[in-house]
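Please read the structure below before turning to the comments.
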Amino acid sequence: MISEGTEPIGAGAELPDQLHGKRFLLYLGRREAVKNIDMLLRAFRAFRQTSNSPLDLVLAGPGTESLSEANVIDLELISDELKASLLRLATAVVQPSTNESFSRTMMEAWSVGRPVVVNANCLATAKAVSRSGGGWSAATEAEWVAAFHEIENTSSSELARLGELGRLYADEHADWDKIISRYEKLFDLNQTESQTKVRRTNLAAIHQLLPDMVYGDAISNQALAIRERLRANGYESEIFAKRCEDRMRASALLSDETQPEPEAALLYHHSIGSELTSLAVNHQGPKCLIYHNITPAQYFAPYRPGFAWMLDTGRKSLKRLAPYFEVSVGDSAYNARELAAHGFNNPGVLPIVIDPHRWNMIPDQNQMRCGQDGRTNILFTGRIAPNKKQDRLVEAFSHFQELLPESRLIIVGEGRLSDPFFHHLLGTIKRFNLESAVEVTGVVEEETLLAYYRTSHLYWSFSEHEGFGAPLVEAMWFDIPVCALEVTAVSETVGQAGVLFELDEDVSTVARRAYRLVTDEEFRQSIIDKQRLRRADFTPDSVWPILAGLVDRLATKPIISAVA
Numbered sequence: 017m018i019s020e021g022t023e024p025i026g027a028g029a030e031l032p033d034q035l036h037g038k039r040f041l042l043y044l045g046r047r048e049a050v051k052n053i054d055m056l057l058r059a060f061r062a063f064r065q066t067s068n069s070p071l072d073l074v075l076a077g078p079g080t081e082s083l084s085e086a087n088v089i090d091l092e093l094i095s096d097e098l099k100a101s102l103l104r105l106a107t108a109v110v111q112p113s114t115n116e117s118f119s120r121t122m123m124e125a126w127s128v129g130r131p132v133v134v135n136a137n138c139l140a141t142a143k144a145v146s147r148s149g150g151g152w153s154a155a156t157e158a159e160w161v162a163a164f165h166e167i168e169n170t171s172s173s174e175l176a177r178l179g180e181l182g183r184l185y186a187d188e189h190a191d192w193d194k195i196i197s198r199y200e201k202l203f204d205l206n207q208t209e210s211q212t213k214v215r216r217t218n219l220a221a222i223h224q225l226l227p228d229m230v231y232g233d234a235i236s237n238q239a240l241a242i243r244e245r246l247r248a249n250g251y252e253s254e255i256f257a258k259r260c261e262d263r264m265r266a267s268a269l270l271s272d273e274t275q276p277e278p279e280a281a282l283l284y285h286h287s288i289g290s291e292l293t294s295l296a297v298n299h300q301g302p303k304c305l306i307y308h309n310i311t312p313a314q315y316f317a318p319y320r321p322g323f324a325w326m327l328d329t330g331r332k333s334l335k336r337l338a339p340y341f342e343v344s345v346g347d348s349a350y351n352a353r354e355l356a357a358h359g360f361n362n363p364g365v366l367p368i369v370i371d372p373h374r375w376n377m378i379p380d381q382n383q384m385r386c387g388q389d390g391r392t393n394i395l396f397t398g399r400i401a402p403n404k405k406q407d408r409l410v411e412a413f414s415h416f417q418e419l420l421p422e423s424r425l426i427i428v429g430e431g432r433l434s435d436p437f438f439h440h441l442l443g444t445i446k447r448f449n450l451e452s453a454v455e456v457t458g459v460v461e462e463e464t465l466l467a468y469y470r471t472s473h474l475y476w477s478f479s480e481h482e483g484f485g486a487p488l489v490e491a492m493w494f495d496i497p498v499c500a501l502e503v504t505a506v507s508e509t510v511g512q513a514g515v516l517f518e519l520d521e522d523v524s525t526v527a528r529r530a531y532r533l534v535t536d537e538e539f540r541q542s543i544i545d546k547q548r549l550r551r552a553d554f555t556p557d558s559v560w561p562i563l564a565g566l567v568d569r570l571a572t573k574p575i576i577s578a579v580a
């Protein structure tokens, strides 16, 4: 569907006073009956009557008379600059029309990462939303009311995720000639050569850039630890993120609102396809790419094709990025080898720091009691995702239960009800009749995670792709023996500690090995003794000298800038 193009949204203008600090839905377009504006207003009134929501509806566009009323703000005709600001700050954009062959407003909303609500009776817009996952479709007035309630109850991080899915769809299906030409100019090394300046600089500020700040996420935790270390060493240091969970808002600055000063050094965490890539490439100061690896897209393609496209984009961009980052590191040698294979010059290794002092807190007492009920607890932590293979873990656990019936499997990590793989996992648990023996907790607080670690008897992972595997080392700090699939960076992280198994091993065989780790005390203790040695390799005392060397490299390496 490429019938019109959408231009990049501009810098924006200050919002009118009546919108300062407010959450609002946005309608852009002609304010007349043919656009179904009357139905939109009725549905919004009904929503406000059945909700205590502070959400307003903002209208902007040509019309014969003002439609302003309680909680409805009609701005009438507006400038392009104000339109840009409204699009960026809207909670969601609404398009009630049933007669659209191409919705420019929908594509513009997606271009800045805003989700949309469209009319399910409009084939063009409803099909785009269905294929992209970038919002909601509603047909009847009651369905529109329900959609408004769902928006009100959706977290800002989930709204951002939906908007990002829309942005990916718009990138592929809208004809963005100017954006494409800029990126071609930026990355086509055959047309232009990089301008290189070499200088020795006394660094005053070292900032970090990453797509998402997520509670409990290993990359986010690493960024926080690096910032704390840099500040302790006297550097100015901030984290800039495209998206930030509400509970993490105090930990990072949004890159859409402010950006690193040009002369500062920049550490760019690369782990997915992101619009932040161009910001990192164009940064004028010293910079380093930190590679956390990117999950192969084929794992997600059957479940979340839009996300799979993001992963594929991130991996394909590596070769184009290499000339712009004279300094680069992976958080494992496995990741560094991949950087070298894509043209990065002499990449180093900066491991994930695992600081045991993170756990200097009182664990969740209720969970401690639950975990000490006499059953054997098997733990896995990590987001529910196809590459993590929690479904295969459940299958293996069904064999373990035959050996040790009084056992439970605890799967800790983010799982989304909108994710087909999440439902596949729940279906797998049901298929093996393990509903009473498998706990899927979702995201938990640090105190609860600590309780899970302290009451577990085995850490068991079937994950098929890990760029590092931080939970493997975390488990070692609680003397939990580790049993994991020997793939990607796992064997490097575990080292000579833990028990590893091969991809082609039968799950019943692996279950017997896991059973021995739990029940054979001498064997178990021998593994724990090795883990106590290995875990020391990732403490601050081991990792921060490597970071200091990286900072020294940034102070003396060439500054490579993209040609404007």
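Under this note's numbering, the letters of the sequence shown match residues 17 to 580, in that order. Glycine is no exception: its CB is placed at the ideal position from the N, C-alpha and C atoms. Keep in mind that this is a model prediction, so the values were computed, not measured.
With respect to the 8 Å criterion, GLY364 and LEU566 are classified as neighbours on the basis of their beta carbons. Residue burial is scored here from C-beta neighbours: HIS308 has at least 16 other C-beta atoms within 10 angstroms and is therefore classed as buried. Here TRP375 carries a helix assignment [DSSP, helix/strand/coil].
Two segments are said to touch when three or more pairs of C-beta atoms, one from each, lie closer than 8 Å; by this definition the stretch 520–532 does not touch the stretch 547–566.
Shortest Cα-Cα distance from TYR475 to any of GLU168, GLU252, ALA142, ALA513 involves ALA513.
Of all C-beta pairs linking the stretch 431–442 to the stretch 392–403, three or more are shorter than 8 Å, placing the two stretches in contact.
Going by DSSP, THR156 is part of no alpha helix (DSSP H) at all; its letter is neither H nor E.
A Cβ-Cβ separation of about 15 Å leaves LEU102 out of contact with ARG47 under the 8 Å criterion. Residue ARG130 holds the alpha-carbon nearest to the alpha-carbon of ALA100 among VAL88, LEU442, ARG130. Setting aside the 5 residues that flank it on each side, ALA313 is surrounded in the same chain by ALA324, LEU327, ASP328, each with a C-beta closer than 6 Å to its C-beta; the list follows chain order. For GLU480, the CB contacts under 6 Å within the same chain, skipping 5 residues up- and downstream, are ASN403, LYS405, VAL503 in chain order. With respect to the C-alpha of ASP380, the residue from GLU463, SER287, ASN298, ASP54 having the closest C-alpha is GLU463. VAL297 carries a helical assignment under DSSP once its states are collapsed to helix, strand and coil. Shown here for ILE544: same chain residues with a beta carbon closer than 7 Å to its own, the five before and five after excluded, namely ASP495, PRO497 in chain order. For LEU425, there is no enclosing alpha helix (DSSP H); the enclosing beta strand (DSSP E) covers residues 423–428. In terms of Cβ geometry, LEU283 and CYS304 form a close pair [threshold 8 Å]. Within a 10 Å sphere around the beta-carbon of PRO318 sit fewer than 16 other beta-carbons, which makes this residue exposed. For SER477, the uninterrupted beta strand (DSSP E) run begins and ends at 474–477, by DSSP. A buried status is given to ASN135, since no fewer than 16 other beta-carbon atoms sit within 10 Å of its beta-carbon. Uninterrupted alpha helix (DSSP H) stretches at least 4 residues long and entirely within the stretch 540–573 occur at 556–572, given in chain order. By the CB criterion at 8 Å, ARG529 and PHE478 fall outside the cutoff. Looking from the CA of VAL297, the closest CA among HIS285, TYR340, LYS335 belongs to TYR340. In this chain, PRO131 is not harboured by any alpha helix (DSSP H), its DSSP state being neither H nor E.
Taking C-beta separations shorter than 8 Å and ignoring five residues to either side along the sequence, the partners of SER146 in its chain run SER153, following chain order. Counting along the chain, no beta strand (DSSP E) covers GLY443; the unbroken alpha helix (DSSP H) around it starts and ends at 436–447.
Spatial neighbours of TYR315 in its own chain (CB-CB distance under 6 Å, excluding positions within 5 residues in sequence) are listed in chain order as PRO402, ASN403. Cα atoms of VAL345 and ILE368: separation of roughly 11 Å, rounded to the nearest angstrom. For GLY346, the uninterrupted beta strand (DSSP E) run begins and ends at 343–346, by DSSP. Secondary structure in the stretch 292–337: the beta strand (DSSP E) runs of 3 residues or longer, each lying completely within the stretch, are 303–307 in chain order.
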